[in-house]
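Residue numbers are given in the numbering used here: position 100 of the sequence shown equals residue 321, and the series is strictly consecutive.
The structure under discussion appears below in the form of C-alpha coordinates.
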Amino acid sequence: MERILRSLLRIKPQIKPRTAIKYVWFASGIGSSYLYFRYKFAIIELSDGPSMYPTLNQRGDWLLVSRHYRHGKDVQVGDIVRFRHPTFLEMQAAKRVVGMPGDFVCSDPPLSEDAGISTSMIQVPTGHAYVCGDNLPGRGIPECMGQYP
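Written out as C-alpha coordinates, the structure reads:
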(Lines of atoms letter the chains of each structure in order from A and count residues from 1; the text may use other names and numbers.)
(Lines give C-alpha, C1' and ligand atoms only; values in the text may rest on other atoms or scores of the structure.)
Protein backbone atom coordinates (compact mmCIF):
# COMPACT_ATOMS: atom_id res chain seq x y z
CA MET A 1 0.00 0.00 0.00
CA GLU A 2 2.80 2.38 0.93
CA ARG A 3 4.60 1.61 -2.30
CA ILE A 4 1.47 2.40 -4.38
CA LEU A 5 0.94 5.67 -2.54
CA ARG A 6 4.55 6.74 -3.14
CA SER A 7 4.32 5.88 -6.81
CA LEU A 8 1.12 7.93 -7.14
CA LEU A 9 2.76 10.95 -5.50
CA ARG A 10 5.66 10.81 -7.97
CA ILE A 11 3.41 10.98 -11.03
CA LYS A 12 3.47 14.42 -12.57
CA PRO A 13 1.16 15.29 -15.44
CA GLN A 14 3.16 16.01 -18.54
CA ILE A 15 1.81 18.75 -20.78
CA LYS A 16 3.49 19.09 -24.12
CA PRO A 17 4.58 22.63 -25.05
CA ARG A 18 2.47 22.58 -28.21
CA THR A 19 -0.63 21.62 -26.21
CA ALA A 20 0.01 24.43 -23.73
CA ILE A 21 0.37 26.92 -26.58
CA LYS A 22 -2.92 25.71 -28.07
CA TYR A 23 -4.66 26.26 -24.70
CA VAL A 24 -3.21 29.77 -24.42
CA TRP A 25 -4.29 30.68 -27.97
CA PHE A 26 -7.76 29.25 -27.36
CA ALA A 27 -8.18 31.16 -24.08
CA SER A 28 -6.92 34.41 -25.60
CA GLY A 29 -9.29 33.96 -28.55
CA ILE A 30 -12.26 33.44 -26.25
CA GLY A 31 -11.24 36.45 -24.15
CA SER A 32 -10.74 38.68 -27.18
CA SER A 33 -14.09 37.61 -28.65
CA TYR A 34 -15.85 38.41 -25.37
CA LEU A 35 -14.26 41.86 -25.14
CA TYR A 36 -15.05 42.65 -28.79
CA PHE A 37 -18.69 41.58 -28.29
CA ARG A 38 -18.96 43.58 -25.06
CA TYR A 39 -17.61 46.85 -26.46
CA LYS A 40 -19.13 46.66 -29.96
CA PHE A 41 -22.50 44.93 -29.60
CA ALA A 42 -23.98 44.35 -26.14
CA ILE A 43 -23.45 43.99 -22.41
CA ILE A 44 -25.11 41.37 -20.24
CA GLU A 45 -26.12 42.75 -16.82
CA LEU A 46 -28.22 41.67 -13.86
CA SER A 47 -31.33 43.74 -13.05
CA ASP A 48 -31.64 45.16 -9.56
CA GLY A 49 -34.39 47.24 -7.96
CA PRO A 50 -38.19 47.45 -7.81
CA SER A 51 -38.82 50.37 -10.19
CA MET A 52 -39.43 48.26 -13.31
CA TYR A 53 -41.53 45.56 -11.61
CA PRO A 54 -43.56 43.69 -13.03
CA THR A 55 -41.69 43.97 -16.36
CA LEU A 56 -38.39 43.10 -14.65
CA ASN A 57 -38.10 41.21 -11.38
CA GLN A 58 -36.49 43.03 -8.47
CA ARG A 59 -33.51 40.68 -8.66
CA GLY A 60 -32.46 37.93 -10.97
CA ASP A 61 -33.48 39.03 -14.47
CA TRP A 62 -30.63 39.27 -16.97
CA LEU A 63 -30.60 42.25 -19.33
CA LEU A 64 -28.97 42.27 -22.75
CA VAL A 65 -28.09 45.95 -23.19
CA SER A 66 -27.50 46.78 -26.86
CA ARG A 67 -24.67 49.16 -27.76
CA HIS A 68 -26.55 50.19 -30.92
CA TYR A 69 -28.57 52.70 -28.89
CA ARG A 70 -25.53 54.29 -27.26
CA HIS A 71 -25.95 58.00 -26.43
CA GLY A 72 -29.68 57.89 -27.24
CA LYS A 73 -29.29 56.91 -30.89
CA ASP A 74 -32.62 55.57 -32.30
CA VAL A 75 -34.32 55.45 -28.85
CA GLN A 76 -38.13 55.67 -29.05
CA VAL A 77 -41.00 56.10 -26.61
CA GLY A 78 -41.67 52.75 -24.92
CA ASP A 79 -38.06 51.53 -24.99
CA ILE A 80 -36.37 50.45 -21.77
CA VAL A 81 -33.09 52.29 -21.35
CA ARG A 82 -30.17 51.67 -19.02
CA PHE A 83 -28.19 54.65 -17.70
CA ARG A 84 -26.07 55.87 -14.80
CA HIS A 85 -28.30 56.74 -11.83
CA PRO A 86 -28.21 60.53 -11.26
CA THR A 87 -28.14 60.25 -7.45
CA PHE A 88 -26.12 57.08 -6.89
CA LEU A 89 -23.40 57.45 -9.51
CA GLU A 90 -21.96 53.96 -9.03
CA MET A 91 -25.34 52.35 -9.86
CA GLN A 92 -27.12 51.76 -13.16
CA ALA A 93 -30.86 52.43 -13.52
CA ALA A 94 -33.35 50.97 -15.99
CA LYS A 95 -36.45 52.97 -16.92
CA ARG A 96 -39.00 53.20 -19.73
CA VAL A 97 -38.89 56.20 -22.08
CA VAL A 98 -42.22 58.09 -21.89
CA GLY A 99 -41.22 61.31 -23.66
CA MET A 100 -38.74 62.34 -26.34
CA PRO A 101 -37.42 65.82 -27.25
CA GLY A 102 -40.32 68.15 -28.07
CA ASP A 103 -42.99 65.92 -26.43
CA PHE A 104 -45.22 67.31 -23.68
CA VAL A 105 -45.33 65.16 -20.55
CA CYS A 106 -47.58 65.49 -17.49
CA SER A 107 -45.25 66.12 -14.56
CA ASP A 108 -47.75 65.02 -11.88
CA PRO A 109 -46.77 61.96 -9.83
CA PRO A 110 -48.23 58.80 -11.41
CA LEU A 111 -51.55 57.62 -9.94
CA SER A 112 -51.88 60.71 -7.73
CA GLU A 113 -55.23 62.46 -7.23
CA ASP A 114 -54.05 65.39 -9.35
CA ALA A 115 -52.74 63.30 -12.24
CA GLY A 116 -54.19 64.63 -15.46
CA ILE A 117 -56.33 67.27 -13.70
CA SER A 118 -53.70 69.93 -13.17
CA THR A 119 -52.05 71.65 -16.08
CA SER A 120 -48.48 70.89 -15.03
CA MET A 121 -47.18 69.83 -18.42
CA ILE A 122 -43.53 70.15 -19.34
CA GLN A 123 -41.87 69.98 -22.72
CA VAL A 124 -38.91 67.62 -22.96
CA PRO A 125 -35.90 69.68 -24.08
CA THR A 126 -33.65 68.79 -27.00
CA GLY A 127 -31.09 66.11 -26.16
CA HIS A 128 -33.14 64.69 -23.25
CA ALA A 129 -35.71 61.95 -22.70
CA TYR A 130 -38.35 61.71 -19.98
CA VAL A 131 -38.07 58.33 -18.26
CA CYS A 132 -40.29 56.59 -15.73
CA GLY A 133 -40.43 53.16 -14.07
CA ASP A 134 -43.20 50.61 -14.65
CA ASN A 135 -43.93 50.12 -10.93
CA LEU A 136 -46.32 53.08 -10.80
CA PRO A 137 -47.84 52.55 -7.33
CA GLY A 138 -44.24 52.59 -6.11
CA ARG A 139 -44.99 52.50 -2.38
CA GLY A 140 -42.97 55.61 -1.68
CA ILE A 141 -40.24 54.94 -4.23
CA PRO A 142 -39.77 57.78 -6.72
CA GLU A 143 -40.40 56.10 -10.05
CA CYS A 144 -40.13 58.97 -12.53
CA MET A 145 -36.60 60.20 -13.00
CA GLY A 146 -37.78 63.06 -15.19
CA GLN A 147 -35.65 64.50 -17.95
CA TYR A 148 -32.43 62.68 -18.59
CA PRO A 149 -29.78 63.51 -21.21
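For glycine and all other residues, C-beta sits at the position ideal for the given N, C-alpha and C.
Owing to the predicted nature of the structure, the values given are computational and were not obtained by experimental measurement.
Residue i CB to nearest heavy atom of the ligand FAD below 7 Å
i, result
"residue 291", "Of ligands this structure carries none, so the ligand FAD is not represented either."
From the options, residue whose alpha carbon lies closest to that of residue i
i, options, result
"residue 316", "283, 305, 297, 273", "273"
"residue 293", "224, 348, 253", "348"
"residue 322", "249, 295, 238", "295"
"residue 326", "309, 303, 353", "353"
"residue 309", "278, 244, 270, 284", "270"
Any chain D beta carbon closer than 8 Å to residue i
i, result
"residue 299", "The displayed structure is made up of one protein chain only, and chain D is not part of it."
Anticipated Cβ contact below 8 Å, residue i with residue j, distance rounded
i, j, result
"residue 290", "residue 320", "Their Cβ separation, rounded to whole angstroms, is 16 Å, which puts residue 290 and residue 320 out of contact at 8 Å."
"residue 303", "residue 284", "7 Å"
DSSP state of residue i mapped onto helix, strand, coil
i, result
"residue 341", "coil"
"residue 256", "helix"
"residue 318", "strand"
"residue 244", "helix"
"residue 288", "coil"
"residue 281", "strand"
"residue 249", "helix"
Distance CB(residue i)-CB(residue j) smaller than 8 Å
i, j, result
"residue 318", "residue 297", "yes"
"residue 288", "residue 263", "yes"
For residue j and residue i, the rounded distance between their alpha carbons
i, j, result
"residue 355", "residue 301", "10 Å"
"residue 276", "residue 247", "39 Å"
"residue 267", "residue 280", "7 Å"
"residue 240", "residue 256", "24 Å"
"residue 253", "residue 346", "40 Å"
"residue 244", "residue 251", "11 Å"
"residue 305", "residue 242", "41 Å"
"residue 312", "residue 265", "15 Å"
"residue 299", "residue 324", "13 Å"
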